[in-house]
Amino acid sequence: MDREIKSLDIGTMHLISASLTKDHQIRYKKLRNAFLKVQVQASMAGLLQQEAMQCVEIGQDFYALGDSAFKMAAVTAKSVSRPMQDGVLNPKEKRAEIILKLLIEGLIGQAQGEGALCYYSVPAEPFQSEKRLVYHSEIIHSILEELGYSATAVNEGMAVVYSGLAERRFTGIGISCGCGLLNVCVSYKGQSVEAFSIDRAGDWIDDNASKAIGETAGKVLATKEGGFNLLAPVDRTEKALAIYYKELIRYSVECIKTRLSSGARLAVYKKPLHIVCAGGTALPAGFIALFRSEIRKARLPFKVEVVSLVKDPLYAIARGCLTRAVVDDRSRFLSQCTAFRRAKCQSRKSKPAKRKARPGKAPRKRKKAR
Ligand SMILES: Nc1ncnc2c1ncn2[C@@H]1O[C@H](COP(=O)(O)OP(=O)(O)OP(=O)(O)O)[C@@H](O)[C@H]1O
Ligand SMILES: [Mg+2]
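Residues in the sequence shown are numbered from 2 upward in steps of one, following our numbering.
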């Protein structure tokens, strides 16, 4: 059956969907996971929509959504609101769930036809803080089911393994360096051995760098996303960013060391491990070099062969979830075919065997018993 298959990377900063085109290419769509309450007259709402501004009216209030919220925030010198914080639904935003549903619907639409699938990313439980994951995952699940999809959660670190470690038979460590969290997953031949998240990532860098130099978080974010070299910062903002990037990487490697120090679960690995990084926070030049150097210093309880950056790091989580969805769908289809073939064989065996007619010859006459 040709059903619709989609994936959705649900992140603190970005919502990214992936689907297959008819010629088997992956098509991505990306939206900022943000909103902004705007002061407009009802008569202006149509005008905003004409300007291709995504906006919505909830009760008495107007909200700009997604990338439009960022554009409006820049014009009005305000900060956007976020439906998510630290990788999960933002408990401080009363409108978080309703806004997130609107953003998701805008990105992937209602399911087309029967049996449409959507595999979505969820973070792992945090390393050292409280657990809010179950609530988050259940809400996302229900949003997708309301849109008509059969929804399946995929661990975010494992999604990195699916998109970056296929040539290593899905064995190694996948790390998603996002906005709210760093998600780590240790995989052996496609099976998750250990998965956890670390509660520092892009937002932590922005907050600390902006406080240190008395600059707005918006300005710091723009400098960071504008592209800079971590190993050769040129001004005050870039220097502050580089300092907090280095601290983030040091802290993350320390957490990985502590969490994996027992080594019992790593006993299956005979060869040195490949670590692959993905996500927006891994994008600046010099990130992988810094990561490698911290790993060398840390004396981890296992050997590391290579540390690399996955192809298209920002889209790798959506790609990994889509890979898993397609593989699951194919193996379901193959097991259905096998079950069908078995049932057919069974019904043939249970019928009495007929004699084959001999072509061109009259049927033999039975000899009369004497
Ligand atoms: N070109 C860039 N250079 C540096 N940082 C970037 C760049 N583009 C995006 N980022 C940062 O990457 C982070 C977003 O990355 P990503 O989309 O992987 O996170 P997320 O999935 O939304 O968050 P999470 O997984 O933590 O919930 C933000 O902190 C953003 O500022
Ligand atoms: Mg993410």
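All residues carry an ideal CB built from backbone N, CA and C; glycine is no exception.
Is the beta carbon of residue i within less than 8 Å of some heavy atom of ligand 2?
i	result
I105	no
E126	no
H142	no
D10	yes
E248	no
N184	yes
S122	yes
G180	First, the amino acid is wrong: residue 180 is Cys here, not Gly. Under cutoff, so the answer is yes.
Please go through the same chain and pick out, in chain order, the residues whose beta-carbon is closer than 6 Å to the beta-carbon of residue i, but skip the five residues on each side of it.
i	result
A218	D207 and S211
A213	A241
A299	V254 and K258
L286	Reading the sequence as shown, one finds Ala at residue 286 and not Leu. The residues are N230.
According to the neighbour-count rule (16 or more other Cβ atoms, all chains shown, within 10 Å of its Cβ), is residue i buried or exposed?
i	result
V277	buried
E168	exposed
A460	Here the chain comprises residues numbered 2 to 371, so residue 460 is not present and cannot be evaluated.
C322	buried
R371	Summary for R371: the model assigns pLDDT 44, below 50, so the residue's position carries little reliability; its value from the coordinates is reported in the next sentence. Its Cβ having fewer than 16 others within 10 Å, R371 is exposed.
H275	buried
L335	exposed
N184	buried
R201	buried
T238	buried
S1	Absent from the structure is residue 1, since the part of the chain shown begins at 2 and ends at 371.
R297	exposed
T339	exposed
A74	buried
Less than 7 Å between C-beta atoms, sequence neighbours within five positions excluded: which residues of the same chain meet that for residue i?
i	result
R293	V308
K102	I144
A283	C178, L310 and P314
I27	A19, L21, R320 and L323
At a cut-off of 8 Å, would you count residue i as near ligand 1, judging by its Cβ distance to the nearest heavy atom?
i	result
S294	no
H137	no
S1	The first residue shown for the chain is 2 and the last is 371, placing residue 1 beyond what the model contains.
H25	no
P1	Residue numbering for the chain in the displayed model covers 2 to 371; residue 1 lies beyond these limits and cannot be assessed.
Please report the residue range of the alpha helix (DSSP H) in which residue i lies.
i	result
T238	R237 to R260
V328	A317 to S351
S294	F288 to A299
Might you give, ordered along the chain, the residues of its own chain that have their beta carbon closer than 8 Å to the beta carbon of residue i, omitting 5 neighbours on each side?
i	result
V123	I11, L134, H137, S138, I141, A154, V155, N156 and E157
E306	K272, P273, L274 and H275
So the beta strand (DSSP E) residue i belongs to, where does it begin and stop?
i	result
S309	V305 to L310
T153	S151 to N156
V185	L183 to Y189
Does any C-beta atom of chain D lie closer than 9 Å to the C-beta of residue i?
i	result
L335	Given the protein chain composition of this structure (a single chain), no chain D is represented.
Heavy atom of ligand 3 less than 8 Å from the Cβ of residue i, yes or no?
i	result
E226	You won't find ligand 3 in this model; what it holds is ligand 1 and ligand 2.
Quick check for students: name the residue ranges of the beta strand (DSSP E) that lie wholly in the segment 66–139, counting only runs of 3 or more.
118–123
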